[in-house]
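Numbering (full-length UniProt numbering), first residue to last: 1 to 202.
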């Protein structure tokens with residue numbers, strides 16, 4: 001099983017999300033994994049040239065010139081890594097009720113037509129149906145009940161995963177803003193990580 005961990009942890013060693021990532025790694029045991037740190041290897045956002053290359057090749061079916069290929073190559077490299085993975089784990093905090101910008105840019109880089117999805121006539125078909133996806137995230141608030149609409153990280157990620165055809169995916173969230181309930185939420189998230197690993201890795 002090829003496991004890809006995509007992490008964005010701007011709080012570094014002080015990160016609440018890091019505690020959950022470390023627990024995940026303990027559960028992986030002898031399973032090998034590749035770790036992509038978006039801070040150390042930030043995804044590229046589209047320039048005019050890379051967008052032209054993407055449309056020319058992925059929608060127009062035409063070959064790229066050297067300048068176009070050079071412009072889109074970083075995205076191609078991340079896309080190749082993404083589509084080859086059997087299990088992708090996204091580890092990130094929530095920022096302002098949604099995905100941090102760098103994580104959304106990562107999705108924009110790897111969600112390439114012909115790789116993660118394709119069109120047949122007027123029908124869109126996801127190509128990631130054989131892979132699994134786990135999202136581990138933290139936030140200051142707990143967005144339950146009537147506040148669920150504020151958790152746009154989950155909403156947007158679910159849309160992206162459904163579009164790419166993922167059939168098996170899970171979200172594990174810990175609300176860390178309340179000191180009284182902090183340990184409860186962290187432990188609950190760790191327990192869910194353990195359960196998912198037992199189910200998916202065995």
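Yeah, the Cβ is synthetic: ideal placement off N, Cα and C, and Gly gets one too.
For residue i, which residues of its own chain have a beta-carbon under 7 Å away from its beta-carbon, when the five flanking residues on both sides are left out?
i           : result
residue 68  : 49, 52, 53 and 56
residue 171 : 135 and 154
Quick one: what does DSSP say residue i is sitting in, helix, strand or coil?
i           : result
residue 178 : coil
residue 124 : strand
residue 147 : helix
residue 215 : Nothing in the structure corresponds to residue 215, since the chain is present only between 1 and 202.
residue 50  : helix
residue 136 : strand
residue 129 : coil
residue 62  : coil
residue 39  : coil
residue 195 : helix
residue 21  : helix
residue 93  : strand
residue 190 : helix
residue 163 : helix
residue 173 : strand
residue 119 : strand
Could you compute how far the alpha carbon of residue i sits from the alpha carbon of residue j?
i           : j           : result
residue 119 : residue 113 : 8 Å
residue 66  : residue 150 : 44 Å
residue 6   : residue 62  : 31 Å
residue 97  : residue 152 : 6 Å
residue 12  : residue 41  : 15 Å
Taking a contact to mean a Cβ-Cβ separation below 8 Å, would you say residue i touches residue j in this structure?
i           : j           : result
residue 106 : residue 10  : no
residue 116 : residue 83  : yes
residue 109 : residue 164 : no
residue 31  : residue 190 : no
residue 135 : residue 155 : no
residue 137 : residue 17  : yes
residue 188 : residue 129 : no
residue 1   : residue 64  : no
residue 20  : residue 193 : yes
residue 38  : residue 8   : yes
residue 139 : residue 100 : no
residue 85  : residue 131 : yes
Within a Cβ cutoff of 8 Å, which residues of the same chain sit near residue i, ignoring the five residues on either side of it in sequence?
i           : result
residue 147 : 141
residue 196 : 134, 170 and 172
residue 47  : 71
Skipping 5 residues on each side, what residues in its chain have a beta carbon closer than 6 Å to that of residue i?
i           : result
residue 169 : 133 and 161
residue 185 : 174 and 175
residue 34  : 4
residue 45  : 105
residue 125 : 118
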